[in-house]
Each structure stands twice: as C-alpha cells, then as structure tokens.
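Below is one structure; the comments refer to it alone.
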Amino acid sequence: MKHLILFGAPGSGKGTQSTHIAETYRLKHLSTGDMLRAEIAKQSQLGLLADTYISQGLLLPDALIIDLLKNTLQQLSEDTKGIVLDGFPRTVAQAVALDSLVAELNQEILMLIEITVDTSELIERLVQRGKLSGRSDDNPATIKHRLEVYHQQTEPVIDFYKQAGKYFHVDGNGTIEQIFERICLILDQLVAVKVKHNSTLSQL
Ligand code: ADP
C-alpha cells in the first residue's frame, strides 16, 4: 500500500483536494480532523477530550493522534490501494512515528504534496467557512492561533520529507479545478516514471 500526504495550512484546501484525489486515483481519504469531529459528534471519550484542544486551536497530544492513526492503518482492508492522508502528520514526532508505522506494516509513504496559499486568503476562506460550518475553531481568534501553531509545529515536517526526497509543492491560489490539475500533473508524472522503469506499481 502506498500512501500520499496532502499538506498545508488550515484553509489551504487539503480536504477538498484530498476528496478529489481519492476519487480519481481510487484511494481512501483519511482526514484526522474529520475523524476527530466524528468522535466529538458521538460524544465519545476521545471526542470530549479532542474538543477541548480543537476549540482552542491546539493540536492533540502526539501519542493520542498517533495511536488513532495506528489503529486505522492496521485495520485497512487488503484491497485498499493506499490512503490520502489529510491532517497527518502535523508534527515532526508524528512524521517519525508514521515512518516506522508504515515500515512495520509493509506500507509506504510515496510523497508529501504541500499546497501553499497566501495568508490573507487563508484567513478569508476560514472566516467564510466558519459562517457556514459552525466549526468551533473557525472564528477569528482561533484561526489566528491555528496559523501560529501551523508555522511553529507543523511546517518543520516539510524538511523531514525534503530530506527523504518525497517533497512536492503546488500553488494553492486559484480555483479548485486549477489546483486539482496541478496535483494531477505531479501524480501522473510519478505514474509515468514508474511505468517507464517497469515497476510493479504501474498505477498509484
Ligand atoms: P484544518 O487543517 O482546517 O485546521 P483539520 O480538520 O485538519 O482542520 O483539523 C482540525 C483540528 O483537529 C486541528 O486544529 C487539531 O486540533 C486537530 N487535529 C487534526 N489532526 C491532528 C493531528 N495530526 N495532530 C494533532 N491534532 C490534530
């Protein structure tokens, strides 16, 4: 199983693009934010705890979220080709844990694609989303804090994948379709390279 990571600041469009990628390339979309919000809706023990972090714009403790991901990766059905990871890893510790986890399970991280969007546009999108979604973290004060947390704790993850030669980048300004095309270009090139080298993996 080969996974890909969609990476970017809150509001960069990871969720939207992950859905498109998953449909087009027949991968499974796994959003840690969505998983946590489902737990909150169920009012499970994890959900109640997650809510206290999310509503403040804080990340959940690494151990907790790594455990959640571990369970999910272990339970993937045999016919899953791979996953689009959306919202994980969000710290270097999570990236390190993911590396050993996939190795243990005989899976692989193919690449990380970062979507970059201007900060003013990010804030605008999140404020607009907040009006519709009613998400507890889409309000101006929490948005500011989430962006700070992103710069401090999440951006360093980029270097981890750069060093592994797995980092790719797309400009996230533009329409949903334009950005999706940019992502497809990267993914299709990868498939083409694999086919050329007669790899057993002829598709993503
Ligand atoms: P966004 O990327 O728009 O901020 P997400 O839906 O991906 O939103 O995540 C919402 C919140 O869920 C995060 O702000 C954080 O509190 C929590 N969360 C999601 N993924 C993780 C993670 N990998 N590690 C820690 N906390 C997480």
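Counted the way the working numbering counts, the sequence shown spans residues 1116 to 1319.
Quick reminder that beta carbons are idealized off the backbone N, C-alpha and C, glycines included.
Query - Contact set for H1260: own chain, Cβ-Cβ below 6 Å, skip 5 residues either direction - result: The residues are G1172.
Query - Own chain, CB closer than 6 Å to A1212, minus 5 neighbours either side, in chain order - result: Here the set comprises I1181.
Requested in this report: Mind the definition here: the region 1189 to 1199 touches the region 1254 to 1271 only if three or more C-beta pairs lie below 8 Å; say whether that holds.
Outcome: Fewer than three beta-carbon pairs drawn from the region 1189 to 1199 and the region 1254 to 1271 are found closer than 8 Å, and the two stretches are therefore not classed as touching.
Report task. Below 8 Å CB to CB, which residues in the same chain sit around L1161 once its five sequence neighbours on both sides are set aside? Result -> Here L1161 has L1151, E1154, L1179, L1183 as same chain residues with Cβ atoms under 8 Å from its own Cβ, once five neighbours each way along the sequence are excluded.
Report task. Determine the closest residue to D1233 out of L1216, T1206, L1262, with distance taken between C-alpha atoms. Result -> Checking every option, the nearest Cα to that of D1233 belongs to L1262.
Query raised in the report: Per DSSP, V1285 is paired with what?
Result: BP columns for V1285 point to I1230.
**Report entry** Any non-hydrogen atom of ligand 1 closer than 7 Å to P1204 Cβ
**Finding:** True, at least one ligand heavy atom lies under 7 Å from that Cβ.
Requested in this report: Write down every uninterrupted run of the alpha helix (DSSP H) in the region 1157 to 1205 whose length is 4 residues or greater and which is fully enclosed by it, in chain order.
Outcome: Fully enclosed alpha helix (DSSP H) runs of 4 or longer: 1160 to 1169, 1177 to 1189.
Query raised in the report: Under a Cβ-count criterion, where at least 16 other Cβ atoms within 10 Å of its own Cβ denotes burial, should T1147 be classed as buried or exposed?
Result: Classification of T1147: buried, given that the 10 Å Cβ count is 16 or more.
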